[in-house]
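Sequential numbering of the sequence shown, starting at 0, is according to numbering that gives the first Met the number 0.
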Amino acid sequence: MFVIGLMSGTSVDGVDVAIVNIEGAPPDLQWSLLHFTTIPYEAEIRDFILEVMDPESGTVDRVCELHAKLGQVFAEAVLAGIAEANLRPEDVALIGSHGQTVWHAPEANPSATLQLGEAAYIVERTGIPVVSNFRSRDMAVGGQGAPLVAYVDVLLLTHETRVRAAQNIGGIANVTFLPPRSHRDLEPFAFDTGPGNALIDLAAERATDGAWRYDRDGMLAAAGQVDEEFLNELLAHPYFRRYPPKSTGRETFGREFFDYVWHRARARGLTKVDVVSTLTAFTARSIAHAYRDFLPVFPEEIIVSGGGAYNPVLMDMLRDLLAPARVVASDDVGIPADAKEAVAFAILAYETWHGRPGNLPMATGARRRVILGQVTPASSPHPWTNDERQSSSMITP
Ligand SMILES: Nc1ncnc2c1ncn2[C@@H]1O[C@H](COP(=O)(O)OP(=O)(O)O)[C@@H](O)[C@H]1O
Ligand SMILES: [Mg+2]
0 MFVIGLMSGT SVDGVDVAIV NIEGAPPDLQ WSLLHFTTIP YEAEIRDFIL EVMDPESGTV
60 DRVCELHAKL GQVFAEAVLA GIAEANLRPE DVALIGSHGQ TVWHAPEANP SATLQLGEAA
120 YIVERTGIPV VSNFRSRDMA VGGQGAPLVA YVDVLLLTHE TRVRAAQNIG GIANVTFLPP
180 RSHRDLEPFA FDTGPGNALI DLAAERATDG AWRYDRDGML AAAGQVDEEF LNELLAHPYF
240 RRYPPKSTGR ETFGREFFDY VWHRARARGL TKVDVVSTLT AFTARSIAHA YRDFLPVFPE
300 EIIVSGGGAY NPVLMDMLRD LLAPARVVAS DDVGIPADAK EAVAFAILAY ETWHGRPGNL
360 PMATGARRRV ILGQVTPASS PHPWTNDERQ SSSMITP
């Protein structure tokens, strides 16, 4: 089954499109990546998203408009990906669309999260059924709604004998602890370690007066110095002391936090590049501390995915802090680092389509396993919808 995974993370850099061929069922699920592309957000859309993420400017009319607009943007991204892969929409059976998170409040009562990108527009434009809104169902059974990728990490990255950690560094960073198959008394679990690239991106943008959107190849961080004392002050943030399960977002480590850091750092006499270095160390150090504080066994191998894997300064800091563990980009184990999350949402959609749960209670804190998301069926005749309706009694869209 050809499934497209669509991911647009907290970095708000663009829409990741993974076209994945998936067969079988866990634990013997087979997959291969047919094509991967990132369609960068146009500046106008990116600004619109950042506007809606801000509770001051994200008024209900703007939220509503962005929901529809992103549905259209995602639909075009799907068609672009399909064309690049020399496929036709009829070749693709299903889309798993994560959507753009604009608010994530796992600690609210009731817990709540909002991913935008109206699936109706995607289905109407592509003719392909869509699974979307993955996180809410997990929250409805007491979970954090995150990290969901943990289910896929366990499936794809568990080693026979080695203790691994799968570390994703997107806008926010999250880890999945992966005990080896041979180790029966340890269980996999996952949580958000804290900031990923979001603060580094904001610092790079500020340091270059808006010329750069991120610290390309860690060049700014490499030119600056880490302020250890200020770094320790940042690491005293209460999020790092909380026990997992826990998840976070730009509500905590976003614009507001960054404005505070920038102001305070400049007052302490840090140069602009020093702020980028210190925030890069903040991400690396918060990850290392999280392992030390919360993982039952220190991993032997750390598999890094997400855009952070392409920042050599960040990767070197992680290698230093996590030695003697081996820190590798997920490309080295056969999963392109930038594609991993999109692949994960293709697999989660596939699981939902087949009526299987996709959350991992040990990761999200949910009371039980649940089938994730909502299905927006294609208008017939879509060849797959018809086949699937006859063969699968679990999901009747
Ligand atoms: N060559 C690179 N050098 C430094 N950072 C990079 C590089 N490539 C990507 N990144 C970082 O990765 C981020 C995008 O990561 P991504 O995994 O897409 O995050 P998200 O899932 O939050 O969208 C960029 O904003 C940037 O910070
Ligand atoms: Mg991204």
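Each residue gets a CB set at the ideal place from its N, CA and C atoms; glycine is no exception.
Quick caveat: nothing in here was measured; it's all calculated off a predicted structure.
Where the alpha helix (DSSP H) containing residue i begins and where it ends
i, result
"Trp-211", "Taken as a continuous stretch (DSSP letters only), Trp-211 belongs to no alpha helix (DSSP H), as it is neither H nor E."
"Leu-453", "The shown model of the chain, from 0 to 396, leaves out residue 453, and the question about it has no answer."
"Ala-82", "59-83"
"Ala-362", "360-363"
"Glu-340", "339-352"
"His-103", "Not the alpha helix (DSSP H): His-103 falls in the beta strand (DSSP E), residues 93-104."
"Ile-44", "42-52"
"Phe-281", "271-293"
"Thr-36", "Thr-36 -> not in any alpha helix (DSSP H); beta strand (DSSP E) instead, spanning 29-39."
"Asp-152", "149-156"
"Asp-315", "311-321"
Closer than 7 Å: residue i CB and nearest ligand 1 heavy atom
i, result
"Arg-215", "yes"
"Gly-305", "yes"
"Ile-286", "no"
"Glu-340", "yes"
"Gly-169", "yes"
"Asp-337", "yes"
"Asn-20", "no"
"Ile-199", "yes"
"Asn-173", "no"
"Tyr-40", "no"
"Tyr-397", "This structure cannot settle anything about residue 397, because the visible part of the chain is limited to 0 through 396."
"Tyr-120", "no"
Endpoints, beta strand (DSSP E) assigned at residue i
i, result
"Asn-108", "Looking at the DSSP string, Asn-108 is not in any beta strand (DSSP E), and its letter there is neither H nor E."
"Asn-173", "171-177"
"Ile-121", "No beta strand (DSSP E) holds Ile-121; the alpha helix (DSSP H) holding it covers 118-125."
"Asp-15", "13-22"
Counted within 10 angstroms of its Cβ, other Cβ atoms place residue i as buried (16 or more) or exposed
i, result
"Thr-395", "Because Thr-395 sits at a pLDDT of 45, beneath the cut-off of 50, its placement in the model cannot be relied upon, and the following sentence gives the value as read from the coordinates. With fewer than 16 Cβ atoms within 10 Å of its Cβ, Thr-395 is classed as exposed."
"Ser-391", "Residue placement at Ser-391 is flagged as unreliable, the pLDDT there being 46, under the threshold of 50; the coordinate-derived value follows with that caveat. Classification of Ser-391: exposed, given that the 10 Å Cβ count is below 16."
"Thr-112", "buried"
"Thr-282", "buried"
"Asn-385", "With a pLDDT of only 47 at Asn-385, under 50, the local geometry of the prediction cannot be trusted, and no value is derived from it."
"Asn-20", "exposed"
"Arg-291", "exposed"
"Ala-324", "buried"
"Gly-333", "exposed"
"Arg-249", "buried"
"Asp-15", "buried"
"Ala-362", "buried"
"Met-393", "The predicted position of Met-393 is uncertain, since its pLDDT is 48 and thus under 50; a value taken from the coordinates is nonetheless stated next. Exposed."
"Glu-350", "buried"
"Pro-146", "buried"
"Asn-231", "exposed"
"Ala-76", "buried"
"Gln-143", "buried"
Residue i vs residue j beta-carbon contact at 8 Å
i, j, result
"Thr-9", "Gly-268", "no"
"Ile-199", "Thr-279", "yes"
"Ile-18", "Ala-84", "yes"
"Val-458", "Val-101", "Past the boundaries of the shown model lies residue 458; the chain is included only from 0 to 396, so the question cannot be answered."
"Ala-289", "Leu-321", "no"
"His-97", "Ser-246", "no"
"Ile-121", "Ala-74", "yes"
"Ala-172", "Pro-194", "yes"
"Pro-128", "Pro-376", "yes"
"Leu-65", "Leu-115", "yes"
"Val-274", "Ala-165", "no"
"Val-303", "Val-327", "yes"
"Ala-149", "Leu-359", "yes"
"Arg-366", "Val-140", "yes"
"Ser-181", "Met-138", "no"
"Glu-340", "Asn-167", "yes"
"Thr-270", "Gly-223", "yes"
"Leu-154", "Pro-25", "yes"
beta-carbon residue i near ligand 2 non-hydrogen atom, thresh 7 Å
i, result
"Ser-135", "no"
"Asp-191", "no"
"Ser-10", "yes"
"Ser-7", "yes"
"Gly-13", "yes"
8 Å contact criterion, which residue i and residue j should meet: CB distance rounded
i, j, result
"Thr-357", "Asn-196", "Residue identity differs from the one stated: residue 357 is Gly in this sequence, not Thr. Contact flag wrong, Cβ pair sits at about 25 Å."
"Gly-372", "Phe-133", "5 Å"
"Ser-131", "Ala-118", "4 Å"
"Leu-177", "Thr-157", "5 Å"
"Pro-88", "Gly-126", "5 Å"
"Ser-276", "Phe-239", "20 Å between Cβ atoms; not a contact."
"Val-296", "Val-162", "5 Å"
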